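Numbering (the numbering used here), first residue to last: 67 to 143.
Written below as structure tokens is the structure these notes are about.
This is the structure in structure tokens:
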């Protein structure tokens, strides 16, 4: 993960980038040793990344459902 990725808004990141950064955030928080302000800032970043990952997955799920629905309709014709 580059420093540039850490400063980019989660909305600008793809699923894999969000996921990878989220894994790094969790790892850093689990290691401990950060002061309270740093921990809270990192936790907030992790929450934003997790939300964006969920949005990416929801979009992918919708695309699959749409494709399956279209396939079902074409088979019925």
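For glycine and all other residues, C-beta sits at the position ideal for the given N, C-alpha and C.
Remember, predicted model here, so these are calculated numbers, not experimental data.
Does DSSP classify residue i as helix, strand or coil?
i, result
"residue 100", "coil"
"residue 118", "helix"
"residue 80", "coil"
"residue 75", "coil"
Am I right that residue i and residue j are in contact with their C-beta atoms under 8 Å? What's the rounded C-beta distance?
i, j, result
"residue 76", "residue 100", "About 20 Å separates the two Cβ atoms, so there is no contact after all."
"residue 111", "residue 91", "6 Å"
"residue 84", "residue 127", "In fact, because the Cβ distance is near 16 Å, the residues do not count as touching under 8 Å."
Residue i to residue j, Cα distance in whole Å?
i, j, result
"residue 98", "residue 89", "15 Å"
"residue 105", "residue 86", "18 Å"
"residue 78", "residue 135", "30 Å"
"residue 125", "residue 103", "33 Å"
"residue 94", "residue 109", "10 Å"
"residue 132", "residue 113", "29 Å"
Compare the Cα-Cα distances from residue i to each of the options and report the closest residue.
i, options, result
"residue 122", "131, 108, 82", "82"
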